[in-house]
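What follows is one structure encoded as structure tokens, with my remarks underneath.
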Amino acid sequence: MKILQNVSLKKYNTIKIGGPAKVIYFPENHSEIKAIKNILKKKKTLILGNGSNIAFKDIGYKNDLVCFKKLKNSLSLIGSNNIYASAGISCAKLAKFAHRNDIPGFEFLYGIPGTVGGALRMNAGAFGAEIWDNVQYVTILDKKFDLVKLDKSKFDYSYRKVCMQGTSAFIDVFFKINKKRKFQKHLLNEFSDKRKKTQPINQWSSGCIFKNPKKNISASALIDKSQLSKKRYGGIYISNKHCNYFINDGSGSCNDLEKLIKIIQTDIYQQHKIRLEKEICIY
Ligand SMILES: Cc1cc2nc3c(=O)[nH]c(=O)nc-3n(C[C@H](O)[C@H](O)[C@H](O)COP(=O)(O)OP(=O)(O)OC[C@H]3O[C@@H](n4cnc5c(N)ncnc54)[C@H](O)[C@@H]3O)c2cc1C
């Protein structure tokens, strides 16, 4: 198993922010996960996917990190009813796999730059769909750090939120194929084109910084209409393509990011009495 010590965390998140990591473990299969059970048992050990929704403090992360990005030994069809995916498979790969097999319902994942495990943790979604809509059951690490298969009914999930019920990590997942749904070949490209037009996908960001406060109120529209779209703090600024994306110009720090988040939250609260909740995880 690859183990890295004293590496910059900037390499491990898409907004490229963070100080050094003490140690990062990269298990590739179930037996390697079992071999680092004692590391995973530690309360402050943090699981990392592709880092597309994470920023790290400038002082770095002082405890152990376990990255599941290399846990991608499998992506396959199980009979005609299920897709099986390891936690480290990228959302894009899963979407393309489903598309190649004429399976509907996974197209929205195409432009989400995370792993399946990270997407399950965040209940990632787009274009009116969420990953948990497709789940049948998951393999998790339970409270005793044993690998256990759990049915979807054991989890409460909602917009960008999953109640973890003692789950410390998602290891793999069985998705249910919805036979009633019609496969639309054009949908994947259609979603991809929409993203390219409306989101700064090639810049250093972590996607949406805030959750939408209500179904009919987007954080992006709120920031825009509050005359905050041109705000910047240090090396972090609001994207001119999408107001809920904060961009690192290459010199941004976690301090800059947290300051800009605070400025926007405070201003939005003063103007609208709405508290914007962070979607990005900062450790
Ligand atoms: C350009 C861009 C576009 C984006 N578009 C979208 C979008 O349309 N919709 C959307 O929902 N998000 C979007 N995101 C955000 C992000 O891609 C998703 O939240 C994604 O699901 C995070 O996956 P990850 O593997 O990168 O997780 P990470 O960022 O590595 O981790 C996120 C959280 O999940 C935890 N975690 C990671 N893996 C596991 C695991 N196996 N088990 C348990 N916990 C785990 C981490 O500890 C952390 O708390 C976008 C981000 C970017 C940069």
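In the working numbering, the protein residues as written are 437 to 719. From the three backbone atoms N, C-alpha and C, an ideal C-beta is built for every residue, glycine too. Quick caveat, the model's predicted, so the values are computed rather than measured.
{"query": "Terminal residues of the beta strand (DSSP E) in which residue 503 lies", "result": "497 to 503"}
{"query": "Cut-off 6 Å between Cβ atoms - residues of its own chain near residue 690, not counting five sequence neighbours on either side", "result": "453, 491, 493, 494"}
{"query": "Rounded Cβ spacing between residue 655 and residue 712 (contact assumed at less than 8 Å)", "result": "6 Å"}
{"query": "Beta-carbon proximity of residue 571 to residue 611, cut-off 8 Å", "result": "yes"}
{"query": "Three-state class that DSSP yields for residue 582 in the structure shown", "result": "coil"}
{"query": "Ligand 1 heavy atom lying under 7 Å from the CB of residue 510", "result": "no"}
{"query": "Cα-Cα separation, residue 466 to residue 666", "result": "47 Å"}
{"query": "Cutoff 8 Å; reference residue 499; Cβ partners in own chain excluding five residues on either side", "result": "458, 478, 480, 481, 482"}
{"query": "Pair within 8 Å by beta-carbon distance, residue 517 and residue 487", "result": "no"}
{"query": "Spatial neighbours of residue 418 in its chain, beta-carbon cut-off 7 Å, leaving aside the 5 residues before and after", "result": "Absent from the structure is residue 418, since the part of the chain shown begins at 437 and ends at 719."}
{"query": "The stretch 618 to 628 touching the stretch 536 to 549, judged by at least three CB pairs closer than 8 Å", "result": "yes"}
{"query": "Heavy atom of ligand 3 within 7 Å of residue 483 beta-carbon", "result": "This structure simply doesn't include ligand 3; it includes ligand 1 instead."}
{"query": "8 Å Cβ cutoff met for residue 601 and residue 588", "result": "no"}
{"query": "Terminal residues of the alpha helix (DSSP H) in which residue 474 lies", "result": "473 to 477"}
{"query": "Nearest residue (CA-CA) to residue 681, options 706, 637, 719", "result": "637"}
{"query": "Rounded C-alpha distance that separates residue 595 from residue 670", "result": "31 Å"}
{"query": "Residues that residue 650 bridges to, as DSSP identifies them", "result": "653"}
{"query": "Distance cut-off 7 Å: residue 717 Cβ against heavy atoms of ligand 1", "result": "yes"}
{"query": "Option nearest residue 709 by Cα separation, candidates 658, 593, 578", "result": "658"}
{"query": "Alpha carbon of residue 598 to alpha carbon of residue 592, nearest angstrom", "result": "6 Å"}
{"query": "In DSSP terms, what residue 512 is bridged to", "result": "520"}
{"query": "Check: residue 634 C-beta below 7 Å from any heavy atom of ligand 1", "result": "no"}
{"query": "Coil, strand or helix - residue 625 by DSSP", "result": "helix"}
{"query": "Whole-angstrom distance between residue 553 and residue 504, CA atom to CA atom", "result": "8 Å"}
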